[in-house]
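Novice:
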Amino acid sequence: MGDTAAAAPTLGLTRSNAADPPQVTFAANDVEFSGWNGDILAVAVTEKDLQSGAPDPKFENAVLKRLDGQLGGLLSAAVVEEDFAGKPGQSVVLRVQGQAFKRVALIGFVAHNAGCLQGLGESVASVAKAAKATSAAIVLASPNVIQQEKFKLHAAAAIASGTVLGLHEDTRYKSEWKKVHLKQVDLIGLGSGPEVDQRLVHANHVSSGVILGRDLVNSPANVLTPAALAEEASKIASTYSDVLTATILDAEKCRELKMGAYLAVAAASANPPHFIHLCYKPTGGNVKRKLAIVGKGLTFDSGGYNIKAVPVARIELMKWDMGGSAAVFGAAKALGQIKPPGVEVHFIAAACENMISGTGMRPGDIVTASNGKTIEVDNTDAEGRLTLADALVYACNQGVDKIIDLATLTGAMRVALGPSIAGIFTASDELAEEFVGASEVSGEKFWRLPMEESYWEDMNSGIADMLNTGPMQPKGGAITAALFLKQFVDEKVQWMHIDIAGTVWSHKKWGATGFGVATLVEWVLKNSSS
Numbered sequence: 001m002g003d004t005a006a007a008a009p010t011l012g013l014t015r016s017n018a019a020d021p022p023q024v025t026f027a028a029n030d031v032e033f034s035g036w037n038g039d040i041l042a043v044a045v046t047e048k049d050l051q052s053g054a055p056d057p058k059f060e061n062a063v064l065k066r067l068d069g070q071l072g073g074l075l076s077a078a079v080v081e082e083d084f085a086g087k088p089g090q091s092v093v094l095r096v097q098g099q100a101f102k103r104v105a106l107i108g109f110v111a112h113n114a115g116c117l118q119g120l121g122e123s124v125a126s127v128a129k130a131a132k133a134t135s136a137a138i139v140l141a142s143p144n145v146i147q148q149e150k151f152k153l154h155a156a157a158a159i160a161s162g163t164v165l166g167l168h169e170d171t172r173y174k175s176e177w178k179k180v181h182l183k184q185v186d187l188i189g190l191g192s193g194p195e196v197d198q199r200l201v202h203a204n205h206v207s208s209g210v211i212l213g214r215d216l217v218n219s220p221a222n223v224l225t226p227a228a229l230a231e232e233a234s235k236i237a238s239t240y241s242d243v244l245t246a247t248i249l250d251a252e253k254c255r256e257l258k259m260g261a262y263l264a265v266a267a268a269s270a271n272p273p274h275f276i277h278l279c280y281k282p283t284g285g286n287v288k289r290k291l292a293i294v295g296k297g298l299t300f301d302s303g304g305y306n307i308k309a310v311p312v313a314r315i316e317l318m319k320w321d322m323g324g325s326a327a328v329f330g331a332a333k334a335l336g337q338i339k340p341p342g343v344e345v346h347f348i349a350a351a352c353e354n355m356i357s358g359t360g361m362r363p364g365d366i367v368t369a370s371n372g373k374t375i376e377v378d379n380t381d382a383e384g385r386l387t388l389a390d391a392l393v394y395a396c397n398q399g400v401d402k403i404i405d406l407a408t409l410t411g412a413m414r415v416a417l418g419p420s421i422a423g424i425f426t427a428s429d430e431l432a433e434e435f436v437g438a439s440e441v442s443g444e445k446f447w448r449l450p451m452e453e454s455y456w457e458d459m460n461s462g463i464a465d466m467l468n469t470g471p472m473q474p475k476g477g478a479i480t481a482a483l484f485l486k487q488f489v490d491e492k493v494q495w496m497h498i499d500i501a502g503t504v505w506s507h508k509k510w511g512a513t514g515f516g517v518a519t520l521v522e523w524v525l526k527n528s529s530s
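Numbered as in this note's numbering, the sequence shown ends at 530 without a single skipped number.
(1) What span of residues does the alpha helix (DSSP H) with Glu195 cover, start to end?
(2) Is it buried or exposed for Asn306, if we count other Cβ within 10 angstroms and need 16 for buried?
(3) Taking Phe33 as the reference, which of Phe26, Leu41 and Ala27 has the closest Cα?
(4) Check whether the Cβ atoms of Ala133 and His168 lie closer than 8 Å to each other.
(5) Roughly how many whole angstroms lie between the Cα atoms of Ala282 and Phe347?
(6) Along the beta strand (DSSP E) that carries Ala131, what are the first and last residues, could you check?
(7) So, is Glu430 buried or exposed, given that buried needs 16 or more other C-beta atoms within 10 angstroms?
(8) Answer yes or no: does any C-beta atom of chain D fall closer than 8 Å to that of Arg414?
(9) Can you list, in chain order, the residues of its chain whose CB lies under 7 Å from that of Arg255, leaving out five sequence neighbours each side?
(10) What's the C-alpha gap between Leu485 and Asn222?
(11) Determine the DSSP secondary structure at Asn527, reduced to helix, strand or coil.
(12) Measure from the alpha carbon of Ala228 to the alpha carbon of each residue in Val196, Leu386, Ala395 and Ala326, then state which is nearest.
(13) Using only alpha-carbon positions, find the residue among Val79, Arg15 and Ala389 that is nearest to Thr171.
(14) Whole angstroms are fine: how far does the CA of Asp49 sit from the CA of Glu231?
(15) On the CB-based measure, 16 or more other CB atoms within 10 Å of its CB, does Ile541 come out buried or exposed?
(16) According to DSSP, simplified to helix, strand and coil, what is His181?
(17) Could you tell me the distance, in whole angstroms, from the CA atom of Lys290 to the CA atom of Ser135?
(18) Between the C-alpha atoms of Val597 and Ile338, what's the straight-line distance to the nearest angstrom?
(19) Could you tell me whether the region 431-450 touches the region 316-335, where touching means 3 or more Cβ pairs closer than 8 Å?
(20) Are there three or more Cβ pairs, one per stretch, closer than 8 Å when the region 346-362 is compared with the region 267-276?
(21) Residue ranges of each alpha helix (DSSP H) run of no fewer than 4 residues wholly in the region 381-465, ordered along the chain?
(22) What would DSSP say about Phe33, mapped onto helix, strand or coil?
(23) Could you tell me whether the Cβ atoms of Leu449 and Ala478 are closer together than 8 Å?
(24) Select from Val312, Pro311 and Phe275 the residue whose C-alpha is nearest the C-alpha of Thr299.
(25) Within 10 Å of its beta-carbon, does Asp250 have 16 or more other beta-carbons around it, so buried, or fewer, so exposed?
(26) When the distance is taken between beta carbons, is Gly189 closer than 8 Å to Pro143?
(27) What residue range is occupied by the uninterrupted beta strand (DSSP E) comprising Ile356?
(28) By alpha-carbon positions, which one of Val493, Glu452, Phe488 and Val489 ends up nearest to Gly476?
(29) In whole angstroms, give me the CA-to-CA distance for Ala237 and Ala512.
(30) So Ile293 is in the alpha helix (DSSP H); what residue range does that whole segment cover?
(31) Determine the burial state of Thr46: buried for a count of at least 16 other Cβ atoms within 10 Å of its Cβ, exposed for fewer.
(32) Taking the continuous alpha helix (DSSP H) assigned at Tyr262, which residues delimit it?
(33) Do you know offhand how far Leu13's Cα is from Trp320's?
(34) For Ala155 and Val93, I'd like the C-alpha separation in whole angstroms.
(35) Is the beta carbon of Gln487 less than 8 Å from the beta carbon of Lys402?
(36) How many whole angstroms separate the CB atoms of Leu200 and Ala131, which I take to be in contact at a CB cut-off of 8 Å?
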């Protein structure tokens, strides 16, 4: 997204460097690994692979035993010297002589799910970056840890996706950066042929969407304004114009559509709101199902008059408050490349800033959403649900069958599920099962939470239809937020709310995660094929 950000001067005169996602070609084959020719032969090892049952360090695992013999015992010696146990995150890299490959790496992993396999790919990427390798091969020491042929396809895609994402580093705002050298990765022993090749191409498409999602969230608010986010979305539509169109509504058009809740949030900012709507239609027509994906699009959230004044509020990170819309547009980019048949998808974000000024929304104000319902604003820092209210009404008006919304909505969710798991809320068991099935392919983690209707009593207002937070806040805050959003969804539409407040950002890596993109793509594909 560097070109858009560089197009106009910003506060602080910040301009981003143009940056393309890593370009890696993947090939799946069943060649003999011991004679593979390239820079790094990466052997994925589990703890079980290293259990010899004997005091000496010799391997019993057939792959490791054969490779160790080929290298004159170098591997077994390194395992002992480096205390390598095959645990995830561990690795040993050796430079070798007289072989077709220049280095051999032992990389610890577990094969419990797609997320673990993605972690394997990230570890390979880390080793390859350190060695400045241009080529790598990945082989499992025990291929039978992945038994089902269908899971082999997903495993290959997960490893490939992890490799690309592991190579990616957001350097757009740095004056110096390191070049990515890795261009070719061979996956050995996970099958071969058109089906696995297609999954590897699919993995690259999804990874490009995840990287876009990361880049959007990482972009500072002085660069990624609502207008800039709208421009990024429009760029996606123009790039894949055979299947995507873009509609951008300005404040005047939103006023005509009676989006009073959304416009109230946007009122204090000097940067005007942009309501963004991308529409995916398959090239062959014949639409069997219509979906909408709605993302919260607060490019910066000060909290308004209920300003984020305490350290735990992390006002300095509130650029991430558009993480829902980042996931939405990342999924749009991936699907624009994959082009699934039989499904129409609407990608929607009500982009704006929540700021403080004399024209801004005040605590105690009453705003009116586009479905006519009135809301007493008892907390201006519960603004995301106000923008989503009008976005959900708009989505329902597109005649869709199912809606999923994603939002960095509540601190309560960060407390409840932490940094790795997002909370999902839905009254539809069918939609929940469908989405969880998609997450098993993507490797992302979600947990279904209750829609406890009795909590809604605390959202009653004496002078309007509802409050926007209620006196229970923050107790059960994620639940009451979901119940609030429910008031703006047509009862005939299957709907799910996803709170990604904890998963949007990695404090360990100090950067955006791109969370949600991969599962949204898999969910759309499930609806395309069913």
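All C-beta atoms, glycine included, are put in the ideal place defined by N, C-alpha and C.
This one's a predicted model, so the numbers in the text were calculated from it and none came from an experiment.
Specialist: Looking at the atomic coordinates:
(1) Along the sequence shown, one-based indexing puts residue 195 at 195. Where Glu195 is concerned, the enclosing alpha helix (DSSP H) stretches over Pro194 to Asn218.
(2) Taking the sequence shown and counting its residues from 1, the one referred to as residue 306 is at position 306. Burial call: buried.
(3) The sequence position of residue 33 within the sequence shown is 33, counting from 1. Considering only alpha carbons, the answer is Leu41.
(4) In the sequence shown, counting from the first residue as 1, residue 133 sits at position 133. In the sequence shown, counting from the first residue as 1, residue 168 sits at position 168. Result no, Cβ atoms of Ala133 and His168 do not sit closer than 8 Å.
(5) Taking the sequence shown and counting its residues from 1, the one referred to as residue 282 is at position 282. Taking the sequence shown and counting its residues from 1, the one referred to as residue 347 is at position 347. The identity of residue 282 in the sequence shown is Pro, whereas the question assumes Ala. If I take the Cα positions, the gap works out to 14 Å.
(6) The count along the sequence shown starts at 1 and reaches residue 131 at position 131. No beta strand (DSSP E) holds Ala131; the alpha helix (DSSP H) holding it covers Ala114 to Ala131.
(7) The residue you call residue 430 lines up with position 430 of the sequence shown. With fewer than 16 Cβ atoms within 10 Å of its Cβ, Glu430 is classed as exposed.
(8) Absent from the structure is chain D; it holds one protein chain and no more.
(9) In the sequence shown, residue 255 corresponds to position 255, counting from 1. Only Leu263 meet the Cβ criterion.
(10) Taking the sequence shown and counting its residues from 1, the one referred to as residue 485 is at position 485. Taking the sequence shown and counting its residues from 1, the one referred to as residue 222 is at position 222. Going by the C-alpha atoms only, they are around 29 Å apart.
(11) For the purposes of this step, residue 527 is taken as the residue at position 527 of the sequence shown. Helix, per DSSP.
(12) If you number the sequence shown from 1, residue 228 lands on position 228. Answer by Cα proximity: Ala326.
(13) Residue mapping note: residue 171 aligns to position 171 of the sequence shown, counting from 1. Per the Cα distances, Arg15.
(14) Along the sequence shown, read from residue 1 onward, the residue named residue 231 stands at position 231. Along the sequence shown, read from residue 1 onward, the residue named residue 49 stands at position 49. Roughly 51 Å separates the two Cα atoms.
(15) No statement about residue 541 is possible, as the shown extent of the chain runs from 1 to 530 and does not include it.
(16) Here residue 181 refers to the residue found at position 181 of the sequence shown. Coil, per DSSP.
(17) Start at 1 with the first residue of the sequence shown, and residue 290 comes out as number 290. Start at 1 with the first residue of the sequence shown, and residue 135 comes out as number 135. C-alpha separation (whole angstroms): 42 Å.
(18) Absent from the model: residue 597. The displayed extent of the chain is 1 to 530, so no value can be given.
(19) no
(20) yes
(21) 384-396, 411-417 and 429-442
(22) Taking the first residue of the sequence shown as position 1, residue 33 is located at position 33. Here Phe33 sits in helix by DSSP.
(23) Within the sequence shown, residue 449 is the residue found at index 449, counting from 1. Within the sequence shown, residue 478 is the residue found at index 478, counting from 1. Yes. Within cutoff.
(24) Residue mapping note: residue 299 aligns to position 299 of the sequence shown, counting from 1. Answer by Cα proximity: Phe275.
(25) Against the sequence shown, residue 250 aligns to sequence position 250. Exposed is the call here.
(26) Your numbering for residue 143 matches position 143 in the sequence shown. Your numbering for residue 189 matches position 189 in the sequence shown. Yes.
(27) As a working note, residue 356 is residue 356 in the sequence shown. From DSSP, Ile356 is part of no beta strand (DSSP E); its letter is neither H nor E.
(28) By 1-based counting over the sequence shown, the position of residue 476 is 476. Residue Glu452 is the option with its Cα nearest to Gly476.
(29) Counting from 1 along the sequence shown, the entry for residue 237 is found at position 237. Counting from 1 along the sequence shown, the entry for residue 512 is found at position 512. Near 23 Å, if we compare the C-alpha coordinates of Ala512 and Ala237.
(30) As a first step, residue 293 must be located in the sequence shown, where it is residue number 293. No alpha helix (DSSP H) contains Ile293, which is instead part of the beta strand (DSSP E) from Arg289 to Asp301.
(31) Taking the first residue of the sequence shown as position 1, residue 46 is located at position 46. It counts as buried.
(32) Your numbering for residue 262 matches position 262 in the sequence shown. Where Tyr262 is concerned, the enclosing alpha helix (DSSP H) stretches over Gly260 to Ala266.
(33) For the purposes of this step, residue 13 is identified with residue 13 of the sequence shown, where counting begins at 1. For the purposes of this step, residue 320 is identified with residue 320 of the sequence shown, where counting begins at 1. About 21 Å.
(34) The count along the sequence shown starts at 1 and reaches residue 155 at position 155. The count along the sequence shown starts at 1 and reaches residue 93 at position 93. The alpha-carbon atoms of Ala155 and Val93 are separated by roughly 23 Å.
(35) On the sequence shown, residue 487 is found 487 positions in, with the first residue counted as 1. On the sequence shown, residue 402 is found 402 positions in, with the first residue counted as 1. Cβ atoms of Gln487 and Lys402: not closer than 8 Å.
(36) Within the sequence shown, the letter at position 200 stands for residue 200. Within the sequence shown, the letter at position 131 stands for residue 131. That pair is no contact at about 23 Å.
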